[in-house]
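These notes are about the structure you will find just below.
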């Protein structure tokens with residue numbers, strides 16, 4: 001076949017066809033990927049099948065020439081450092097001003113190259129004259145609308161598209177990150193993580209580390225509060241005030257760090273130039289910003305979908321979740337009645353039986369969360385958001401509402417309606433411990449074991465492991481990456497336990513701290529060895545999660561003052577006051593703490609001064625350039641007038 | 001004298017010397033104002049004394065040539081509309097693309113010309129070799145630091161610098177604004193106001209109108225609530241919920257309108273290019289943004305000043321204000337005891353005597369506010385803020401805290417500690433009415449009468465009024481403009497009464513509405529006929545006032561639910577509940593309303609979509625220009641390399 005002009009390139013991205021894909025379709029895809037840009041807007045990439053017999057021609061390796069990659073970098077406005085270390089959008093004509101431009105092969109990061117290829121794969125379309133998918137005559141093509149990847153996905157011909165892991169880079173990275181003992185006493189090198197996994201993932205790890213560090217003072221104080229003898233009221237209210245101030249400062253400092261990272265990574269102005277998601281569909285129109293044709297889906301349709309479908313479905317899910325909780329609750333009461341604690345003989349047995357319902361409920365919550373995540377993803381897909389960031393924010397909001405109810409309803413009910421702190425603590429412990437164990441198993445250990453088994457199957461009967469190609473191994477043994485939601489949800493849930501209920505159970509912060517020290521390493525391991533490599537995705541903050549954590553902090557003020565006020569020992573402390581006065585004191589305290597929180601978040605500017613100056617400098621330069629440009633245009637116009 | 005090269009220009013700005021200024025100093029000032037820019041950075045303006053004998057050579061008229069003004073417009077980055085109605089920074093070389101560029105004399109607005117001249121007057125400095133002020137050998141000059149205007153102000157040689165009113169423009173503007181009856185049924189033409197007075201003043205009027213319109217539904221509902229028979233609880237809680245939702249939407253819609261205006265006026269990106277205040281002092285350093293030399297005052301010094309001087313002084317003022325309130329309160333109690341209401345004979349007399357202390361207190365508040373304003377201004381001057389916006393925000397915050405205590409402490413104390421609604425209503429009425437009457441007198445009617453008297457003195461013994469020149473009249477009969485603070489404070493105070501206490505006195509919204517309809521016209525009159533014309537000042541929103549109003553709205557939720565809960569009739573309505581349960585219900589309701597407020601402000605985007613698109617378009621174009629600029633630079637470099 002004359003299709004494969006260049007066999008000997010370094011593959012960067014893998015396209016894994018399903019075994020049902022007809023050869024004709026595969027050839028068509030390859031043709032479009034190889035076609036030059038002047039041939040009906042082809043992708044101009046390099047493509048070959050993996051040579052491993054295991055691949056059965058299902059595994060397509062994709063790369064690109066250096067020129068193609070540099071062009072793509074310019075098009076995607078990738079920012080690279082100048083020799084003076086300031087970031088600038090990459091321009092081929094300006095290449096000699098950039099750092100490392102002497103060694104062009106390594107000028108772009110591997111993750112950047114992969115994103116450039118990914119962008120092409122997502123956007124390559126059938127040729128104008130094609131009306132059905134070759135090999136599948138029944139599947140018709142909507143001209144100007146369908147992408148090749150979209151068609152393949154509709155037909156279930158694609159199992160996954162993923163960038164290849166870089167074993168050497170991982171080796172270098174994992175040593176400092178989680179493989180050595182001294183990694184426990186060192187901060188992660190977040191820039192290395194960003195360079196390998198992209199900003200989206202790097203933000204997750206930066207946040208997890210920042211949050212874990214913020215847990216240290218709370219843990220120490222929580223520990224002291226638990227063991228210190230003395231008035232419960234003074235101890236707990238001190239702890240509560242400290243927590244309000246501490247977590248308010250934490251959120252603000254995170255915003256500052258987050259903005260600083262966005263500046264260092266050059267992604268702070270990315271929202272202006274963010275390209276639409278490949279799955280976004282709509283009619284072609286001229287963009288009011290860039291004046292280029294782009295897809296537009298009417299806003300009112302999306303709003304209609306939200307109000308008519310999304311919100312009702314979410315409501316139903318919430319109702320179901322509440323129903324399950326109260327079902328569990330009835331069982332718990334019945335169990336408690338059946339196994340009273342007063343008979344000393346059956347005490348252990350009774351205690352065990354009494355924990356069964358709460359353990360069962362905790363176990364039930366986890367699959368419910370997973371199912372709901374699928375529903376939320378489906379709904380958000382259906383809403384057809386234009387930008388990835390908008391998509392993720394909408395998904396996050398849905399997850400937030402549901403997880404909030406699902407994870408905390410039990411604790412709220414026990415704490416505030418039944419005023420049964422024993423149950424709250426018991427529930428907290430079972431939720432935290434089960435969660436930690438269960439998640440480690442489902443997310444990390446399980447898949448890792450599965451990966452080993454699969455790999456053994458692949459290499460069975462072969463003398464050398466090296467025989468199976470990397471691409472095949474990664475396609476068949478690793479799990480495909482589906483976003484950082486799950487990881488954020490885990491921290492979110494934990495932060496909820498820590499923030500909302502620390503007044504009744506100060507030890508929880510220590511549990512969280514210990515858990516997170518391992519969580520961070522386990523997550524790092526998961527990203528390196530269990531997941532397929534994710535395409536680097538640009539980001540300038542953690543998205544809606546910021547608001548989710550902020551809302552939790554506000555609610556925490558309410559719950560903590562309420563929990564303190566409801567302690568009998570505290571009521572005793574204020575025994576000279578009437579009920580109404582007592583109530584008033586705590587409501588006033590709560591309002592003062594809420595005001596304090598807002599004052600703190602108002603007083604700390606969320607962008608560090610040096611970042612603000614640098615941004616303004618860039619803006620100033622752009623404006624100056626625009627003026628120069630206009631002056632030049634005028635000059636040209638005058639010259640051309642004189643000529644005529 | 002050869003100084004006056006050009007007598008026959010249209011004066012735009014007046015510099016009013018005090019009568020003590022030595023002629024030598026005046027001549028020096030004139031020389032520096034006339035000096036060309038290449039002569040030690042002179043101002044290159046046109047200058048002559050007013051010819052009216054009344055002026056005694058104290059009144060200097062200042063103008064500029066057209067070329068000078070156009071250059072200044074380019075330097076100040078004034079935005080003007082292109083022929084296609086999009087705003088662009090003015091560039092002389094690009095002038096033929098701008099609207100109205102055929103008629104160059106009227107191309108710039110008068111207010112723009114005045115600002116250009118004002119900028120020069122503020123920034124012109126003594127020559128390098130001058131070490132003392134001519135005419136005042138004792139006053140030495142700090143080279144590179146003192147401006148001429150600063151020196152004159154130090155020596156009290158300047159009474160005022162102000163732009164001349166434009167009688168014809170005022171005639172055209174005032175008809176639609178406040179002089180005709182049909183102006184009552186029409187919105188103001190905010191763009192006309194902006195073109196004449198600048199954005200700062202225009203924002204005030206836009207906000208006042210927007211707020212007044214927002215009062216209409218509240219007034220109607222308040223009226224219905226007052227007259228409708230039926231359960232007090234349902235009525236008041238309905239009214240309260242409506243108010244929370246309504247004012248939350250109001251604040252968000254105002255932000256939207258405010259951003260839209262900022263876009264239409266091209267001031268949305270002004271903060272990047274804002275020039276330092278002329279009163280700002282500091283050492284010359286290179287700006288990290290523009291790379292031009294600029295004055296820098298260390299941040300830590302300002303912070304130190306704030307913590308060591310500003311905050312303690314403000315605290316003392318607040319303490320004094322509280323002390324005066326409780327003094328008044330003791331007198332009120334004594335009066336109430338001396339004049340009991342039960343003896344029917346002295347009832348009217350007693351009622352009258354009982355209102356005396358509250359009336360006296362209300363009258364005392366007004367001068368206290370004025371004195372405090374002077375203190376706050378002094379402190380903010382002392383803090384040496386770099387930008388006018390920073391200066392104003394700091395001043396506003398100080399005023400906000402003090403006015404909040406001063407205006408509302410009495411109402412809070414009566415409402416929440418004494419639970420005496422009769423007193424609250426009485427205090428509200430006297431505060432609102434006295435305020436309205438007193439302010440109209442001190443701010444509008446009084447000065448206007450004074451102006452007439454002064455004008456009569458000027459024209460006394462002269463057959464024709466026209467003999468006295470405009471400049472002399474405006475300098476001697478009009479009050480010098482000192483910012484919009486006073487006007488905002490008036491609305492702020494009124495909004496406080498309306499928002500915080502509407503639950504006990506729904507009529508207050510109607511009072512406010514009626515007052516504001518007249519207030520707007522009276523203020524407009526004041527700006528046109530009582531004040532000297534202000535220099536147009538750029539602004540992109542109402543500054544810190546936005547936060548002040550937002551904070552009031554939040555506090556209003558707390559006060560209104562509390563006021564409702566404290567009504568005996570409402571308690572009766574919930575008579576089946578215990579005190580604790582009753583309390584809990586209202587605290588829960590309050591929290592839900594607070595959450596609702598935040599949800600509304602989160603859900604409504606504060607920038608309208610079309611403005612966001614337009615901004616992004618401009619940003620995109622600037623970035624594109626920067627890329628082009630870089631490509632061009634590279635090309636030039638390559639060419640020059642080839643040459644060598």
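Chains as they are written, first to last, in the UniProt record's numbering: chain A, 1 to 644; chain B, 1 to 644. By construction, the Cβ of each residue, glycine as well, lies at the ideal position given by its N, Cα and C atoms.
Neighbour list for residue 381 of chain B in chain A, Cβ cutoff strictly below 9 Å: None at all; the shortest Cβ gap to chain A is about 23 Å.
Cβ neighbours of residue 43 of chain A in the same chain (closer than 6 Å, five flanking residues each side left out): If we look at residue 43 of chain A and ignore the five residues flanking it on each side, its Cβ neighbours are 33, 120 and 124.
Cutting at 8 Å between CB atoms, please list the residues of its own chain near residue 139 of chain B, excluding the five before and the five after it. Excluding residues up to 5 positions away in sequence, 132, 133, 151, 154 and 155 lie with their Cβ nearer than 8 Å to the Cβ of residue 139 of chain B in the same chain.
At least one CB of chain E closer than 8 Å to the CB of residue 579 of chain B: is that the case? You won't find chain E in this structure, because its protein chains are A and B.
Could you tell me how far apart the beta carbons of residue 285 of chain B and residue 296 of chain B are, in whole angstroms, since I believe they sit closer than 8 Å? So it is a contact: roughly 4 Å between Cβ atoms.
Selection from B/355, B/86, B/77 and B/478 that minimises the alpha carbon distance to residue 92 of chain B: Ranking B/355, B/86, B/77 and B/478 by Cα distance to residue 92 of chain B puts B/77 first.
Coarse secondary structure for residue 3 of chain A, derived from DSSP in three states: The pLDDT assigned to residue 3 of chain A is 46, lower than 50, so where the model puts this residue is not dependable, and the model offers no usable value.
Range of the contiguous alpha helix (DSSP H) that encloses residue 446 of chain B: For residue 446 of chain B, the enclosing alpha helix (DSSP H) has its first and last residue at 446-459.
What does DSSP give as the partner residue(s) for residue 416 of chain B in the beta ladder? Beta bridge pairing from DSSP links residue 416 of chain B with no other residue.
Extent of the continuous alpha helix (DSSP H) to which residue 222 of chain A belongs: Element bounds for residue 222 of chain A: 199-227.
Say whether chain B places a C-beta atom closer than 8 Å to the C-beta of residue 639 of chain A. Cβ-Cβ to chain B under 8 Å: no for residue 639 of chain A.
Could you tell me which chain A residues have their CB closer than 7 Å to the CB of residue 591 of chain B, listed as they occur along the chain? What residue 591 of chain B touches in chain A: 558.
Between which two residues does the beta strand (DSSP E) holding residue 60 of chain A run? Note, residue 60 of chain A: beta strand (DSSP E), 59-63.
Please list, in chain order, the residues of the stretch 616-635 of chain A that have any C-beta partner in chain B closer than 9 Å. Per Cβ criterion, the list reads 616, 617, 618, 619, 620, 621, 622, 623, 624, 625, 626, 627, 628, 629, 630, 631, 632, 633, 634 and 635.
Whose Cβ in chain A lies nearer than 7 Å to the Cβ of residue 272 of chain B? Result: 616, 619 and 620.
Counting pairs of Cβ atoms below 8 Å between the stretch 243-257 of chain B and the stretch 203-219 of chain B, do you hit three or more? Contact between the stretch 243-257 of chain B and the stretch 203-219 of chain B is established, with three or more Cβ pairs separated by less than 8 Å.
For residue 89 of chain A, which residues from the same chain have a beta carbon less than 6 Å from its beta carbon, with the 5 sequence-adjacent residues on both sides left out? Cβ within range, chain order: 77 and 79.
On the CB-based measure, 16 or more other CB atoms within 10 Å of its CB, does residue 68 of chain B come out buried or exposed? Label assigned to residue 68 of chain B: buried.
Check this for me: beta carbons of residue 288 of chain A and residue 617 of chain B, under 8 Å apart or not? Yes. Within cutoff.
Alpha-carbon to alpha-carbon, residue 387 of chain B and residue 195 of chain B: About 22 Å.
Cutoff 8 Å: residue 248 of chain A Cβ touching any chain B Cβ: Not closer than 8 Å to any Cβ of chain B, the Cβ of residue 248 of chain A fails to qualify, so no.
Can you give me the C-alpha to C-alpha distance between residue 619 of chain A and residue 167 of chain B, rounded to a whole angstrom? Approximately 40 Å between the Cα atoms of the pair.
Could you check what DSSP says for residue 581 of chain B in three-state terms: helix, strand or coil? Secondary structure of residue 581 of chain B (DSSP, three-state): helix.
Which residue or residues does DSSP assign as beta-bridge partners of residue 80 of chain B? Residue pairing from DSSP places residue 80 of chain B in a beta bridge opposite B/88.
If you compare alpha carbons, which of A/521, A/500 and A/551 is closest to residue 397 of chain A? Per the C-alpha coordinates, the member of A/521, A/500 and A/551 positioned closest to residue 397 of chain A is A/551.
Which two residues bound the contiguous alpha helix (DSSP H) that contains residue 330 of chain B? First-last of the alpha helix (DSSP H) with residue 330 of chain B: 311-338.
When you compare each of A/279, A/109, A/20 and A/65 to residue 36 of chain A by their alpha carbons, which one comes out closest? Selected option, being the one with the closest Cα: A/65.
Comparing C-alpha positions only, which one of B/83, B/594 and B/17 sits nearest to residue 102 of chain B? For residue 102 of chain B, the closest alpha carbon among the candidates B/83, B/594 and B/17 is that of B/83.
Mind checking if residue 604 of chain A is an interface residue toward chain B, Cβ cutoff 8 Å exclusive? Residue 604 of chain A does not count as touching chain B.
List the residues of chain B whose Cβ lies closer than 7 Å to the Cβ of residue 409 of chain A, in chain order. Within chain B, not a single residue places a beta-carbon under 7 Å from that of residue 409 of chain A; the smallest gap is close to 16 Å.
Residues in its own chain within less than 7 Å of residue 265 of chain A by CB, not counting five upstream and five downstream? Taken in chain order, the residues that qualify are 194 and 199.
How should residue 55 of chain A be labelled, buried or exposed, when 16 other C-beta atoms within 10 angstroms of its C-beta is the threshold for buried? Buried, because 16 or more other Cβ atoms sit within 10 Å of the Cβ of residue 55 of chain A.
Return the residue from the list B/210, B/175, B/130 and B/46 that minimises the CA-CA distance to residue 40 of chain B. Checking every option, the nearest Cα to that of residue 40 of chain B belongs to B/130.
Which residue comes first and which comes last in the beta strand (DSSP E) that contains residue 138 of chain A? In the DSSP assignment, residue 138 of chain A falls within the unbroken beta strand (DSSP E) covering 136-140.
Can you have a look at residue 636 of chain B and say buried or exposed, based on whether 16 or more other CB atoms are within 10 angstroms of its CB? Note on residue 636 of chain B: under 16 other CB atoms within 10 angstroms of its CB, so exposed under the neighbour-count rule.
Identify the continuous beta strand (DSSP E) that holds residue 547 of chain B and give its terminal residues. From DSSP, residue 547 of chain B is part of no beta strand (DSSP E) but of the alpha helix (DSSP H) over 545-565.
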